[in-house]
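Numbering (our numbering), first residue to last: 46 to 734.
The beta-carbon is built from N, C-alpha and C at its ideal position, and this holds for glycine as well.
The structure displayed is predicted, hence computed values, not measured ones.
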Amino acid sequence: MVKFEKVLERESVLEWQEAYVNYKQLKQDLKLVRESFEDRQNTKPVLHPKIFQEHLLRSFASPLVDFRKLKHTRWSLWSQGGINMIIHQRRSDKFVDAEDVFETEILGTDFRSDVQKSFFERLDMELNKVNKFYRFKEQEYLNWESQLQRQINLLNDKRRGLPYAQGASAENQSSNFEQGRDMMGKSEIHQSWKLLRGSFTELYRYLKLLKDYCALNLVAFGKILKKHDKITGQNVSEVYLRAVECSYFVSSDKVIKLMERVESSFSKHFTKGNLREAFAYLKPTCQNKNVRRMYILGIFSGSSVSLLTIFVFLSTTLRKKNLSEGSSYPQFDFLIFSTLALLFLHLYIYGFNVFIWQRVHINYAVILKFTPGKRVGFCDILLLSTALTTIMLGGMVMQLVFNSSTANTSCLPLTLMLVLFCLLLILPLDICCKSMRFAFLRHLWHIICSPLYQVAFADFFLADQLTSQITAFQNFAWILCYYICRHLKFKNSLACKENLIFENFLYFVSVLPYWWRLMQCLRSWMDIGDPLHLMNAGKYLSALVAVVTKVSYKHYASRQWLIIFIISSTFATCYQLYWDIVVDWGLMRQKSKNPWLRDSLALRHRFIYFIAMGINAVLRLAWLFSILRLQENLIDHDLIDFLFASLEVFRRGLWNFFRLEHEHLKNTVKCSPTKQTITPLTEIKTGIM
Numbered sequence: 046m047v048k049f050e051k052v053l054e055r056e057s058v059l060e061w062q063e064a065y066v067n068y069k070q071l072k073q074d075l076k077l078v079r080e081s082f083e084d085r086q087n088t089k090p091v092l093h094p095k096i097f098q099e100h101l102l103r104s105f106a107s108p109l110v111d112f113r114k115l116k117h118t119r120w121s122l123w124s125q126g127g128i129n130m131i132i133h134q135r136r137s138d139k140f141v142d143a144e145d146v147f148e149t150e151i152l153g154t155d156f157r158s159d160v161q162k163s164f165f166e167r168l169d170m171e172l173n174k175v176n177k178f179y180r181f182k183e184q185e186y187l188n189w190e191s192q193l194q195r196q197i198n199l200l201n202d203k204r205r206g207l208p209y210a211q212g213a214s215a216e217n218q219s220s221n222f223e224q225g226r227d228m229m230g231k232s233e234i235h236q237s238w239k240l241l242r243g244s245f246t247e248l249y250r251y252l253k254l255l256k257d258y259c260a261l262n263l264v265a266f267g268k269i270l271k272k273h274d275k276i277t278g279q280n281v282s283e284v285y286l287r288a289v290e291c292s293y294f295v296s297s298d299k300v301i302k303l304m305e306r307v308e309s310s311f312s313k314h315f316t317k318g319n320l321r322e323a324f325a326y327l328k329p330t331c332q333n334k335n336v337r338r339m340y341i342l343g344i345f346s347g348s349s350v351s352l353l354t355i356f357v358f359l360s361t362t363l364r365k366k367n368l369s370e371g372s373s374y375p376q377f378d379f380l381i382f383s384t385l386a387l388l389f390l391h392l393y394i395y396g397f398n399v400f401i402w403q404r405v406h407i408n409y410a411v412i413l414k415f416t417p418g419k420r421v422g423f424c425d426i427l428l429l430s431t432a433l434t435t436i437m438l439g440g441m442v443m444q445l446v447f448n449s450s451t452a453n454t455s456c457l458p459l460t461l462m463l464v465l466f467c468l469l470l471i472l473p474l475d476i477c478c479k480s481m482r483f484a485f486l487r488h489l490w491h492i493i494c495s496p497l498y499q500v501a502f503a504d505f506f507l508a509d510q511l512t513s514q515i516t517a518f519q520n521f522a523w524i525l526c527y528y529i530c531r532h533l534k535f536k537n538s539l540a541c542k543e544n545l546i547f548e549n550f551l552y553f554v555s556v557l558p559y560w561w562r563l564m565q566c567l568r569s570w571m572d573i574g575d576p577l578h579l580m581n582a583g584k585y586l587s588a589l590v591a592v593v594t595k596v597s598y599k600h601y602a603s604r605q606w607l608i609i610f611i612i613s614s615t616f617a618t619c620y621q622l623y624w625d626i627v628v629d630w631g632l633m634r635q636k637s638k639n640p641w642l643r644d645s646l647a648l649r650h651r652f653i654y655f656i657a658m659g660i661n662a663v664l665r666l667a668w669l670f671s672i673l674r675l676q677e678n679l680i681d682h683d684l685i686d687f688l689f690a691s692l693e694v695f696r697r698g699l700w701n702f703f704r705l706e707h708e709h710l711k712n713t714v715k716c717s718p719t720k721q722t723i724t725p726l727t728e729i730k731t732g733i734m
């Protein structure tokens, strides 16, 4: 059976961790209570009544003692052991928002030690903390819902007042245009409705989290009080739980009513009264436990492993045969395989990232601006990855079998496979993770057009992924050259290697991801004016120079290029290592609560962060192995390049987790992550907020 402490840690919202009951500390206090009872099992404190009274007042001195004559609610219990426990619920008038404050008062001579008093004092403090946080969040979400309703009314007014509304006369159109130049266009109103839909979805999600927060804390109080009764043999949990159940975070029904209002409003304005469709957005069902889906996933996984075994066997056999005949055709097969394998490996690792983000409650969907109600889970990504892997390996095996059984060197199976993948990417049907595919294409277009578009987090996050696929970009250039130069038909292996145009094109393709990222940094600096973006641009500029020198050294293999390559790569690596750990991950804070890390951590074990920093540093230094000129007959350089490119993809997956974790925690410190989505374009334009 899983301990409740682990359940609380797993189910708690990351940005609310400090607001939950400190269950671990309460258990430590109970441990002291147990030790106290064991030490004094056969002794009972005997105090003179006067001394006992002074001792009691001194032990429970608090600001509430001065208000004992105020009207308040009390719960009391007189036990057989002679303990009279009174729980006071008072309204503190010192605050603008009058809050109920709880204080436990224990009278009697069977009170073992001060540690038991400290336990109840901490329990009161935790109860007051939970009540205060719940009340604050409840009011925050009430204000948020009020803002959204006001924005809906504003959008309805704007839509009715469009200057070029259908059926309006030219005279009315001209009058409306002159009187309201700030009127929004149809596209802007449509975009604002989409933002509002996302805001309602996020509000509903956070309301559900607040309900779960209430339930978890209620269970925590019950668990810790039962432990206390078991240790002390006293029955105090009943009376204290009665007070907890009457506290604000349990008795308030505003959140439930607010959820009902959100459901009604969302159904009315976004799904035309269709509650089932509204719940599909507000309460997306978890499809990871779908038996049919898991069954299909198992079929694709088994097929992928079987086809991979066949491909490795056939590829090895045919490579030896063709190399003995002086043909380089198997190299092209491996080129196609390695390119697609790197892309699909990246997809697998991204699916694993999503799985971990979900486990530690990192709000990746909001940070990456996923469509509400259509966010793709890790099971969907894994299913898509295994399906694409099966198709790829099936096509590769067909190509090898086709060419081993005939004298023809046609690449028809490979060509059909590549065309199929391109069609799947742009397929408009709602299959194969359509929302993720179209989001990828949209952000990819923004990257290609850098710096024309304003840079969003998802744009530069995807651009960073592309910088880890330099080998795939270079392989794509070779594949393109082989097709254009008809290398597969004439078996002319020098058609691309001796082509000056292709050599320049290879330089261009190799630096393209870093160029895009450089342009994004410059655009962000122009928009925001933060010099940090200029420093980030310097990092990508140094990486761009390092890639150029690496390609030059690989092509010319001269001593001069080797020296330039080592100097530029060393500088770029140091720059990137510092930026990864200090800026992107926010670690190496010497004076933080967690030394050399940062104040807030999503993972429980701190050593994981140090291991991740070490792995990131080692994988950043992988370029050193490209300096070694190994003998051709001992090691296949294409295979080595593929292995090191795979390690870079793995490093990027490691970077992804800690980058989004840091972004999530930064949003928590600045403001709630939801605050970034509650203001659509309408409010910005009209200056209401």
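- The beta carbon of Phe294 sits closer than 6 Å to the beta carbons of Val175, Asn176, Tyr179, Cys259 from its chain, once the five residues preceding and following it are set aside; these are given in chain order.
- Contact between the stretch 605-612 and the stretch 552-563 is absent, with fewer than three C-beta pairs closer than 8 Å.
- Taking a contact to require three or more Cβ pairs closer than 8 Å, the stretch 297-309 and the stretch 180-194 qualify as touching.
- Excluding the 5 residues flanking it on each side, Gln444 has same chain C-beta neighbours closer than 6 Å at Pro458, Leu459, in chain order.
- Of all C-beta pairs linking the stretch 685-694 to the stretch 652-661, fewer than three are shorter than 8 Å, placing the two stretches out of contact.
- Annotated three-state conformation of Asp644 is coil, per DSSP.
- Rounded to whole angstroms, Ala410 and Val421 show a C-alpha spacing of 9 Å.
- Looking at the DSSP output, Arg634 sits in a beta bridge with Leu642.
- Nearest to Ala617 by C-alpha distance, out of Val554, Gly583, Val264, Trp630, is Gly583.
- One Cα belongs to Leu75, the other to Ser637, and the distance between them is close to 29 Å.
- Taking a contact to require three or more Cβ pairs closer than 8 Å, the stretch 574-581 and the stretch 543-558 do not qualify as touching.
- Judged by DSSP secondary structure, Gly422 falls outside any alpha helix (DSSP H); it is assigned neither H nor E.
- Under the three-state reduction of DSSP, Arg651 is assigned to coil, being neither helix nor strand.
- Within the stretch 248-333, the alpha helix (DSSP H) runs of at least 4 residues that lie entirely inside it are, in chain order, 282-290, 293-296, 299-315, 320-327.
- For Cys526, the enclosing alpha helix (DSSP H) has its first and last residue at 515-529.
- In this structure, the beta-carbon distance from Val284 to Ile132 falls below 8 Å.
- In the structure shown, Ser614 adopts helical secondary structure according to DSSP, grouped into three states.
- A distance below 8 Å between beta-carbons, with the five flanking residues on each side excluded, links Val307 to the following residues of its chain, in chain order: Glu190, Phe245, Leu248, Tyr249, Leu252, Leu327.
- For the set Ile269, Leu699, Thr316, the Cα lying nearest the Cα of Gln70 is the one of Ile269.
- When C-alpha distances from Gln565 are compared across Lys317, Ile685, Glu60, Phe502, the shortest belongs to Phe502.
- Taken atom to atom, the span from the alpha-carbon of Ile476 to that of Leu413 is near 21 Å.
- Contact between Phe358 and Leu438 does not hold, since the beta-carbon distance rounds to 12 Å and is not under 8 Å.
- With contacts defined as CB atoms closer than 8 Å, Leu352 and Gly396 fail to qualify as a contacting pair.
- Within the same chain, no residue comes within 6 Å of Trp700 by CB-CB distance, once the 5 residues on both sides are set aside.
- Around the Cβ of Cys424, a 10 Å sphere holds 16 or more other Cβ atoms; the residue is buried.
- For Trp624, there is no enclosing alpha helix (DSSP H), as DSSP marks it with neither H nor E.
- Judged by DSSP in its simplified three-state form, Asp575 adopts coil rather than helix or strand.
- For Ala484, the enclosing alpha helix (DSSP H) starts and ends at 479-493.
- Check the Cα spacing between Glu706 and each of Arg204, Ile407, His488: the tightest is with Ile407.
- For Gln184, the secondary structure class from DSSP, reduced to helix, strand or coil, is helix.
- In the DSSP assignment, Cys467 falls within the alpha helix (DSSP H) that extends over 457-471.
- By the 16-neighbour rule on beta-carbons within 10 angstroms, Cys619 is exposed.
- No residue range can be given for Phe415, since it is assigned to no alpha helix (DSSP H) and is classified by DSSP as neither H nor E.
- Leu642 and Ile436 have their C-alpha atoms some 43 Å from each other.
- Classified as buried, Ile197 has 16 or more neighbouring CB atoms from the shown chains inside 10 Å of its CB.
- Counting along the chain, no alpha helix (DSSP H) covers Val405, and no H or E run does either.
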